[in-house]
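Residue numbers (this note's numbering): 204 to 390.
Structure first, commentary second.
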Amino acid sequence: QTPHIGGLASMFYLDDGNTFYKFVSEETSYNDGDWHFLAASYNGSIYTVYIDGQPVYQDSSNAEAPLQYEPGVTTIGRGGDEWANAFEGKIDEVKIYNYALTAEEINAAYHVSDWDLPLIAHYPFDGNANDSSSYGQHGTPSGGVDFDHPDRFGKLNSAVYFDGVDDVVTTDFDYFTEPNKISVSMW
């Protein structure tokens with residue numbers, strides 16, 4: 204089976220405790236059989252979503268109300284607390300940064316597979332949900348998350364499959380130094 208990504212609406216959600224932000228419309232979908240590089244960045248006033256290194260969505264409508272971060276649970280494989288936002292498809296190389304990546308940095312990360320910036324979490328999904336960053340915020344899979352899938356290079360046991368029903372990886376996410384800025388990238 205060729206790796207693919209379902210609708211992006213399940214990919215980038217952010218809940219600041221007061222408002223649930225969704226960064227891409229329900230209609231956006233990339234079911235073309237190829238892997239795609241996805242990234243989202245918030246610089247304190249503008250949310251930007253990138254696909255394959257190029258910006259595809261921006262929102263500054265919440266600029267007057269920046270994120271009010273409170274430590275909590277981060278989920279990979281579903282958006283927020285609702286299973287209606289569960290993702291079906293494969294995900295690999297989730298990276299979380301506590302600052303806003305620039306458009307140039309995101310484009311470079313898309314084009315160079317081993318290029319990296321300082322980050323606060325890295326989930327390569329090499330057969331498990333361990334965080335390979337120095338923070339060691341290992342994820343907890345539940346719902347039958349399947350780690351036995353090849354990544355975009357064909358390497359076995361290097362990507363995770365979510366069934367779109369009840370699969371999720373959760374982790375305590377309490378290590379921001381500047382909570383009003385964040386970037387996330389993944390394949």
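All C-beta atoms in this analysis are idealised placements derived from N, C-alpha and C, irrespective of residue type, glycine included.
Only a predicted model underlies this, so the values are computations on that prediction, with no experimental measurement involved.
DSSP state of H325 mapped onto helix, strand, coil: Three-state DSSP puts H325 in a strand.
Measuring only the C-alpha atoms, how far is V372 from I385? Put simply, the backbone Cα of V372 is about 19 Å away from that of I385.
Go ahead and pull the three-state DSSP assignment for E291. Secondary structure at E291: strand, using DSSP grouped into helix, strand and coil.
Could you pull the start and end residues of the alpha helix (DSSP H) that H314 belongs to? Its alpha helix (DSSP H) spans residues 306-314.
If I measure Cβ to Cβ from V387 and keep anything under 6 Å in the same chain, skipping five residues before and after, which residues do I get? A243, I299
So, T277 versus T374, is the Cβ gap smaller than 8 Å? yes
Are the CB atoms of D351 and N360 nearer to each other than 8 Å? yes
Mind checking G292: buried by the 16 CB within 10 Å criterion, or exposed? Buried, since its Cβ has 16 or more Cβ neighbours within 10 Å.
Taking only three categories from DSSP, how would you classify A362? strand
Under 8 Å, do W390 and E307 count as touching if we go by C-beta distance? no
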